[in-house]
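Sequential numbering of the sequence shown, starting at 43, is according to the numbering used here.
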Amino acid sequence: MKKLASFCLASIMAMSAASAASEAVVQRSPVGRRVMVREYQPYSVETAKGWYMGGRLALNMLNWTNEYSTNDANPVSSNDSDKYSFETLFGGSVFAGTDFQLSDEWFRAEVEAGLMGQFTDKDQGIEFKMTVPYVIANGYYDFVNGLYAGAGLGLALPKTELDWAALVGGERSERAVSPMLALMLGWSYDLDARITLDLRYRLSGFWGPEHTRSFADGVEFTTDVGFVLENSLSMGLRYRF
């Protein structure tokens, strides 16, 4: 009888534990890690989405070709282009966004404004500079292990400066407004309940300006930056409100 009573008591305890376990489900946190949430607790969309802001420091590598042209019938030089590959610039950005849930999947929407840095090339008294600020809207999908993938669409505002003592006409600087497309891969890690470490790779592209200046005799000299491809590695922090 004592064994039967003990068996019944053990069975009741096991059934209670199984019932409690069945009331728990697995959901994902905004950065992708699994957390246990009781089904009997009412779901609130406010607890599932959060606003955040932050900043990134970036190592940007730019690739493009400067095409040169002149209206001189007898140009002195036949070198009509310069190719630049993986020119390294240090930049940064600030951003703000929110994460939200759709069909048990986590996404983020973000607005980012940044500066890719300034490139300078000086040769035989001719100085060329290019500075690239930008603003872009990004969308991300957060995987379960902290990894994320995303895409962005925005505007790049590259500015070139062309200086040479012989150039007396035309504007010293020229700016373009170009569409900017981006693809991103990254990894997020929660340092605490509010601060998240963010590591990201970005591949983006945009078009640079065409810049014309003139000599004293009226001959014009034009630099056309063309398409610029950017590879960027960045590290940042996100603060969640």
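The C-beta atom is built at its ideal place from N, Cα and C for all residues, glycine as well.
About 11 Å separates the beta carbons of L271 and G250, which is beyond the 8 Å limit, so they are not a contact pair. In the DSSP assignment, P200 falls outside any beta strand (DSSP E) and carries neither an H nor an E.
Fewer than three pairs of CB atoms, one per stretch, sit closer than 8 Å, so the stretch 217-237 makes no contact with the stretch 256-263.
In the displayed model, V267 falls within coil according to three-state DSSP, outside both helix and strand. Around the beta carbon of T265, 16 or more other beta carbons lie within 10 angstroms, which makes this residue buried.
In the three-state reduction of the DSSP assignment, G97 falls in the strand class. Put simply, the backbone Cα of D146 is about 40 Å away from that of P200. Residue environment: E152 is assigned as buried (16 or more neighbouring CB atoms within 10 Å of its CB, all protein chains considered).
When the alpha-carbon of R214 is set against those of L197, I168, M277 and V174, the nearest one is in I168. Taking all protein chains in view, the Cβ of V174 is crowded by 16 or more other Cβ atoms within 10 Å, so the residue is classified as buried. Pairing M103 with L275, the inter-Cα distance amounts to about 9 Å. Collapsing the DSSP output to three states places D259 in coil. In this structure, S135 keeps its C-beta atom at 8 Å or more from the C-beta atom of G196. Here the C-alpha atom of F170 lies approximately 30 Å from the C-alpha atom of R242.
Rounded to whole angstroms, the separation of the alpha carbons of G181 and D141 is 10 Å. Our two residues, S220 and A198, have alpha carbons roughly 5 Å apart in a direct line. Excluding its 5 nearest sequence neighbours in each direction, R150 has C-beta neighbours in its own chain below 6 Å: G139, D141 and Y182, listed in chain order. With contacts defined as CB atoms closer than 8 Å, W106 and F269 qualify as a contacting pair.
Closest in alpha carbon position to L225, among W206, N108, T112 and A193, is A193.
For L241, the uninterrupted beta strand (DSSP E) run begins and ends at I237 to W249, by DSSP. Listed as beta-bridge partners of R150 by DSSP are D141 and Y182. A115 and E262 have their C-alpha atoms spaced approximately 11 Å apart. Non-local C-beta neighbours of D240 in its own chain, meaning closer than 6 Å and more than five positions away in sequence, comprise S230, G278 and R280, ordered along the chain. The beta carbons of G159 and Y176 sit about 11 Å from each other, so the pair does not count as a contact at 8 Å.
As the crow flies, the alpha-carbon of K164 is around 52 Å from that of L144.
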